[in-house]
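Just add 3 to the spot in the sequence shown (first one is 1) and you have the working numbering.
Everything below concerns the one structure shown next.
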Amino acid sequence: MDQEFASSLLENAVKQLSRLPGVGRKTALRLALYILRRDPAEANALGQAIIDMRQGIRYCSVCHNISETEVCNICANPLRDSSTICVVENVKDVMSIENTGRFSGLYHVLGGIISPIDGIGPDALEINSLIDRVKTGAIKEIILALSPTMEGDTTNFYIYRRLRAEAPDTLPAITRIARGVAVGNELEYTDELTLGRSILDRRPFDS
Numbered sequence: 004m005d006q007e008f009a010s011s012l013l014e015n016a017v018k019q020l021s022r023l024p025g026v027g028r029k030t031a032l033r034l035a036l037y038i039l040r041r042d043p044a045e046a047n048a049l050g051q052a053i054i055d056m057r058q059g060i061r062y063c064s065v066c067h068n069i070s071e072t073e074v075c076n077i078c079a080n081p082l083r084d085s086s087t088i089c090v091v092e093n094v095k096d097v098m099s100i101e102n103t104g105r106f107s108g109l110y111h112v113l114g115g116i117i118s119p120i121d122g123i124g125p126d127a128l129e130i131n132s133l134i135d136r137v138k139t140g141a142i143k144e145i146i147l148a149l150s151p152t153m154e155g156d157t158t159n160f161y162i163y164r165r166l167r168a169e170a171p172d173t174l175p176a177i178t179r180i181a182r183g184v185a186v187g188n189e190l191e192y193t194d195e196l197t198l199g200r201s202i203l204d205r206r207p208f209d210s
């Protein structure tokens, strides 16, 4: 049975907080009561930070990473190797790889991986824009850095086939991260040392 609240305002706050991933109703109530006990200025600052984030952050028009400008800081950095693109599932994976300090190229964020059971097909991902980047002829290597799960491998193979079929004249080397990342593991939960070595020890995809 759902808990009844004396305040409709508290109830609404709990309802909204419980929509966050991993936050149940009890945790949402604990968070709401914590915020309620804090100084009003702190609560206002929290709310404003969320509003500012939602309104101010967009997605890079080149790689689809989060950005406060049309083109993200990584894509706009002239010191990065623009001929190498690391393909990742989401923004968290960009952060994980950046934290290793072992990669100096650019990224391409797919926004997910192919997962029929979840209703996610290739058309829901940023694959067409990746192919467009390859067709420019400026890319020398594509690194497939998706999590070594069944869905990740399926997505890797789909991208590999699409690139070979649609960009044969400008096809770069296609590699994938080494299997230092255990099969079945999500990339974001892999330690930085292992992930960094997996980037450096990448292998040709077709091997």
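The beta carbon of each residue, even a glycine, is placed where N, CA and C say it ideally should be.
Simplified DSSP assignment, three categories, for residue i
i      : result
Cys89  : strand
Gly187 : Here Gly187 scores only 47 on pLDDT, less than 50, and its place in the model should not be relied on; the value that follows carries that caveat. Reduced to three states, the DSSP call for Gly187 is coil.
Leu147 : strand
Ser118 : strand
Asn15  : helix
Ile69  : strand
Thr173 : helix
Ile142 : coil
Leu23  : coil
Arg33  : helix
Leu128 : coil
Arg41  : coil
Thr103 : helix
Thr158 : helix
Identity of the residues DSSP links to residue i by a beta bridge
i      : result
Val112 : Val91
Tyr62  : Ile69
Asp84  : Gly108
Pro207 : Thr178
Ile123 : Ser118
Residue i versus residue j - alpha carbon distance
i      : j      : result
Glu73  : Ala168 : 30 Å
Gly187 : Glu14  : With a pLDDT of 47 at Gly187, under the threshold of 50, the modelled position of this residue cannot be trusted, and the question is left open.
Arg206 : Arg40  : 54 Å
Arg61  : Cys75  : 9 Å
Arg165 : Thr158 : 11 Å
Pro119 : Gln51  : 38 Å
Glu129 : His111 : 8 Å
Asp121 : Asp156 : 16 Å
Asn68  : Ala9   : 43 Å
Thr87  : Val137 : 10 Å
Leu12  : Gly140 : 56 Å
Pro151 : Asn80  : 29 Å
Phe160 : Val90  : 13 Å
Ser64  : Val94  : 14 Å
Ile134 : Arg57  : 29 Å
Ser21  : Ile117 : 27 Å
Gly108 : Ala148 : 13 Å
Ile38  : Val26  : 15 Å
Gly2   : Asp84  : There is simply no residue 2 to check, as the chain begins at 4 and stops at 210 in what is shown.
Leu82  : Asn131 : 26 Å
Residue i: first and last residue of the uninterrupted beta strand (DSSP E) it sits in
i      : result
Ile177 : Ala176 to Arg179
Residue closest to residue i, alpha-carbon to alpha-carbon, out of the options
i      : options                         : result
Asp55  : Glu71, Gln19 and Arg165         : Glu71
Lys18  : Cys75, Pro24, Ala31 and Ala9    : Ala31
Glu101 : Asp209, Leu198 and Ala48        : Leu198
Leu36  : Ser85, Ala16 and Leu133         : Ala16
Ile202 : Lys29, Pro125 and Ala181        : Ala181
Ser127 : Glu92, Lys29, Ile146 and Arg179 : A quick correction: the sequence has Ala, not Ser, at residue 127. Checked all of Glu92, Lys29, Ile146 and Arg179; the closest Cα to Ala127 is Glu92.
Glu144 : Cys78, Ser99 and Leu174         : Leu174
Ile170 : Ile142, Met98 and Arg33         : First, the residue type needs correcting, since residue 170 is Ala and not Ile in the sequence shown. Closest by alpha carbon: Ile142.
Any non-hydrogen atom of the ligand NAD closer than 7 Å to residue i Cβ
i     : result
Lys18 : The model depicted lacks the ligand NAD and carries no ligand whatsoever.
Endpoints, the alpha helix (DSSP H) within which residue i is located
i      : result
Ser132 : Asn131 to Lys138
Ala9   : Counting along the chain, Ala9 falls outside any alpha helix (DSSP H), and DSSP gives it neither H nor E.
Cys75  : Where Cys75 is concerned, there is no enclosing alpha helix (DSSP H), given that its DSSP letter is neither H nor E.
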